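Trainee: Position 110 (the sequence shown) corresponds to 110 in the UniProt record's numbering; numbering is contiguous.
Idealized CB from N, CA, C, for every residue including glycine.
Since the structure is predicted, the reported quantities are computational estimates derived from the model, not experimental observations.
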Amino acid sequence: MPKYANSQPVGFKNAIERVAIVGAGGTVGSHITAALLATGKHKVKALTRKDSSNKLPEGVLVAPIDYDDEATIVAALKGQQFFIITMAPTAPRETHSKLVQAAAKAGVPYVMPNGYGGDIDNIKLGEETLLGPVAKANRDEIERLNMQWITVCCGFWYDYSLAGGEARFGFDFDRRSLTIYDDGNTKNSVSTLSQVGRGVAKVLSLKELPDDENDKSLTLFGFLGKGVYIKSFVVRQNDIFESVKRVTGTTDVDWAITHETTKKRYEDGLAQVKSANMAGFSKMLYARAFYPDDPNDISAKAQNKLLCLPNESLDESTKAGIDMVKALQHRVDRMAA
Ligand SMILES: NC(=O)c1ccc[n+]([C@@H]2O[C@H](COP(=O)([O-])OP(=O)(O)OC[C@H]3O[C@@H](n4cnc5c(N)ncnc54)[C@H](OP(=O)(O)O)[C@@H]3O)[C@@H](O)[C@H]2O)c1
Numbered sequence: 001m002p003k004y005a006n007s008q009p010v011g012f013k014n015a016i017e018r019v020a021i022v023g024a025g026g027t028v029g030s031h032i033t034a035a036l037l038a039t040g041k042h043k044v045k046a047l048t049r050k051d052s053s054n055k056l057p058e059g060v061l062v063a064p065i066d067y068d069d070e071a072t073i074v075a076a077l078k079g080q081q082f083f084i085i086t087m088a089p090t091a092p093r094e095t096h097s098k099l100v101q102a103a104a105k106a107g108v109p110y111v112m113p114n115g116y117g118g119d120i121d122n123i124k125l126g127e128e129t130l131l132g133p134v135a136k137a138n139r140d141e142i143e144r145l146n147m148q149w150i151t152v153c154c155g156f157w158y159d160y161s162l163a164g165g166e167a168r169f170g171f172d173f174d175r176r177s178l179t180i181y182d183d184g185n186t187k188n189s190v191s192t193l194s195q196v197g198r199g200v201a202k203v204l205s206l207k208e209l210p211d212d213e214n215d216k217s218l219t220l221f222g223f224l225g226k227g228v229y230i231k232s233f234v235v236r237q238n239d240i241f242e243s244v245k246r247v248t249g250t251t252d253v254d255w256a257i258t259h260e261t262t263k264k265r266y267e268d269g270l271a272q273v274k275s276a277n278m279a280g281f282s283k284m285l286y287a288r289a290f291y292p293d294d295p296n297d298i299s300a301k302a303q304n305k306l307l308c309l310p311n312e313s314l315d316e317s318t319k320a321g322i323d324m325v326k327a328l329q330h331r332v333d334r335m336a337a
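#1: Enumerate in chain order the residues of its own chain whose CB-to-CB distance from residue 187 is below 7 Å, with the five nearest sequence positions on each side excluded.
#2: Contact criterion: CB-CB distance below 8 Å. Does residue 181 meet it with respect to chain D?
#3: Check each candidate in 221, 148, 306, 101 and name the one with the smallest Cα separation from residue 198.
#4: Does the beta carbon of residue 93 fall short of 7 Å from some heavy atom of ligand 1?
#5: Where does residue 6 fall in DSSP's three states?
#6: How far does the alpha helix (DSSP H) with residue 241 in it extend, from its first residue to its last?
#7: For residue 29, which residues of its own chain have a beta-carbon under 8 Å away from its beta-carbon, when the five flanking residues on both sides are left out?
#8: Grab me the residues of residue 139's own chain with a C-beta within less than 7 Å of its C-beta, minus the 5 sequence neighbours each way, in chain order.
#9: Relative to ligand 1, is the shortest distance from any of its heavy atoms to the C-beta of residue 321 smaller than 7 Å?
#10: Count the other CB atoms, across all protein chains shown, that sit within 10 Å of the CB of residue 8; report buried if there are 16 or more and exposed otherwise.
#11: According to DSSP, is residue 179 part of a helix, a strand, or is it coil?
#12: Go to residue 227, then tell me how far its alpha helix (DSSP H) extends in each direction, as first and last residue.
#13: Alpha carbon to alpha carbon, how far is residue 314 from residue 68?
#14: CB of residue 198 to nearest heavy atom of ligand 1: below 7 Å?
#15: Mind checking which residues open and close the beta strand (DSSP E) that includes residue 195?
#16: Around the Cβ of residue 208, are there at least 16 other Cβ atoms within 10 angstroms (buried) or fewer (exposed)?
#17: Tell me which residue opens and which closes the beta strand (DSSP E) that residue 45 is part of.
#18: Classify residue 323 as buried or exposed, calling it buried when 16 or more other Cβ atoms lie within 10 Å of its own Cβ.
#19: Check this for me: beta carbons of residue 44 and residue 33, under 8 Å apart or not?
#20: Could you compute how far the alpha carbon of residue 55 sits from the alpha carbon of residue 214?
#21: Have a look at residue 25 and residue 62 and give me their C-alpha separation to the nearest angstrom.
#22: I'd like the list of long-range same chain contacts for residue 232, defined as Cβ closer than 7 Å, with 5 residues on each side in sequence excluded.
#23: At 4 residues or longer, what runs of the alpha helix (DSSP H) sit wholly inside the stretch 148-178?
#24: State the start and end residues of the unbroken alpha helix (DSSP H) segment that holds residue 133.
#25: From what residue to what residue does the alpha helix (DSSP H) around residue 94 run?
#26: Buried or exposed: residue 154, going by 16 or more other Cβ atoms within 10 Å of its Cβ?
#27: Which residues in the same chain have their Cβ closer than 8 Å to the Cβ of residue 270, if we skip the five residues on either side of it in sequence?
#28: Relative to ligand 1, is the shortest distance from any of its heavy atoms to the C-beta of residue 90 smaller than 7 Å?
#29: Decide yes or no for the touch test of the stretch 252-266 against the stretch 323-332: beta carbon pairs closer than 8 Å, at least 3 of them.
#30: In whole angstroms, give me the CA-to-CA distance for residue 211 and residue 6.
#31: Within the present structure, is the beta-carbon of residue 82 separated from the nearest heavy atom of ligand 1 by less than 7 Å?
#32: Once the 5 residues before and after residue 224 are set aside, which same chain residues still bring their CB inside 8 Å of it?
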């Protein structure tokens, strides 16, 4: 049912001002938080484990929570209009559900669940990477609890994936080696972490509701129950390699190059995951996304223009990725999963 601002109770303000987030100090959450704060339109409350050592950005309201004490999460979420979850993939599976249940009890209307990946409508890709059914269950739980969701479909994070070791985009910067999947010519649409941050901030800075039935402008309401599709680039591994060489001032002879088929990498990675060796997960995930006949390319659905997102420089983003290598190497558990 369409809802309009002009039929809301007196005092209704047609904007999302109070935003809660889990992971404000995390990989993507820090970029989302920075972009939200930069708009000057939002008060951002960071829900964080009471014993967390993660550094939170300045300018957020800090709400320590205890996942074993629901009342702390409900209290932190009371009065919030929008709840963004950027939860570590290594967190216990039930953690997301604890947050969503607490949000319902606190009366939060809208939740952005964990996701930040491929096209939610590509069911086959979702199933074969094992991520789709988990994300769908998260969205279904939000609906069951009478809240509404908006999820982000952004493809791989370009800078993070470039920096994250051989299992991701094939690059090992310490060894100066590259594994090329198939012929290296399969395209993926990818987003920088900062573009994801900007995209989320744009959506949350829209009017919440149309003013009335004649108001056809873009609103947050129009995104409910859907993906927000974002991209920075559509790239082949070979394009990434060309950019890496430009940025590092290297040539082919400086790199040890091997080739492997995506099919073999996918099967090897999946076999590892099935034997509880999560080191195979990224290998399986990225190989599958680079399947030539069904790549992770959401560019046809990208809403960059609609959201007025800027064009970015591939080489600057490559440099940002290379600058992340050391930081990611310190996150040993995370990178191995
Ligand atoms: N598209 C891509 O390329 C890509 C890549 C990686 C991940 N993703 C997606 O993005 C989501 C967020 O990933 P991220 O890398 O941003 O996460 P992250 O930085 O690893 O973690 C985010 C937050 O999770 C909290 N956390 C960590 N361990 C926890 C635990 N054991 N129990 C409860 N909370 C815990 C921490 O918050 P506090 O310390 O403040 O409590 C942390 O800041 C992932 O789940 C995945 O769906 C997408």
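Mentor: Taking the definition as stated:
#1: So the qualifying residues of the chain are 234, 235, 236, 295, 297.
#2: Although the question refers to chain D, the structure presented lacks it and comprises just one protein chain.
#3: Ranking the options by Cα distance to residue 198, first place goes to 306.
#4: False, no ligand heavy atom lies under 7 Å from that Cβ.
#5: Secondary structure at residue 6: helix, using DSSP grouped into helix, strand and coil.
#6: Following the DSSP letters along the chain, one finds residue 241 inside the alpha helix (DSSP H) bounded by residues 237-248.
#7: Correct list, in chain order: 21, 22, 23, 84, 86.
#8: Take residue 139, set aside five residues on each side of it, and the residues of its chain with a beta-carbon closer than 7 Å to its own are 113, 149, 151, in chain order.
#9: For ligand 1, not one heavy atom lies less than 7 Å from the Cβ of residue 321.
#10: It counts as exposed.
#11: The answer is strand: DSSP assigns residue 179 an E or B state.
#12: It is not in any alpha helix (DSSP H) - residue 227 instead sits in the beta strand (DSSP E) that spans 226-229.
#13: Here the alpha carbons of residue 68 and residue 314 stand approximately 43 Å from one another.
#14: Incorrect: residue 198 has no Cβ contact closer than 7 Å to ligand 1.
#15: Unbroken run through residue 195 is the alpha helix (DSSP H), 193-204; no beta strand (DSSP E).
#16: That one is buried.
#17: Run containing residue 45: 43-49, per the beta strand (DSSP E) assignment.
#18: It counts as exposed.
#19: Against a cut-off of 8 Å, the Cβ pair of residue 33 and residue 44 comes out as a contact.
#20: So the two alpha carbons sit approximately 45 Å from each other.
#21: Going by the C-alpha atoms only, they are around 11 Å apart.
#22: So the qualifying residues of the chain are 158, 190, 191, 192, 195, 312, 317.
#23: Fully contained in the stretch 148-178 are the following alpha helix (DSSP H) runs of length 4 or more, in chain order: 158-163.
#24: Secondary structure note for residue 133: its alpha helix (DSSP H) is the uninterrupted segment 131-144.
#25: Taken as a continuous stretch (DSSP letters only), the alpha helix (DSSP H) holding residue 94 covers 94-106.
#26: With 16 or more other Cβ atoms inside 10 Å of its own Cβ, residue 154 counts as buried.
#27: Around residue 270: 280, 284.
#28: Distances between the C-beta of residue 90 and the heavy atoms of ligand 1 include at least one below 7 Å.
#29: A contact is defined here as three or more CB-CB pairs under 8 Å, and the stretch 252-266 fails this definition with respect to the stretch 323-332.
#30: Between residue 211 and residue 6, the C-alpha separation is close to 6 Å.
#31: No, the beta carbon of residue 82 sits no closer than 7 Å to any heavy atom of ligand 1.
#32: Excluding five sequence positions before and after residue 224, the CB atoms of its chain that fall closer than 8 Å to its own CB belong to 110, 148, 149, 150, given in chain order.
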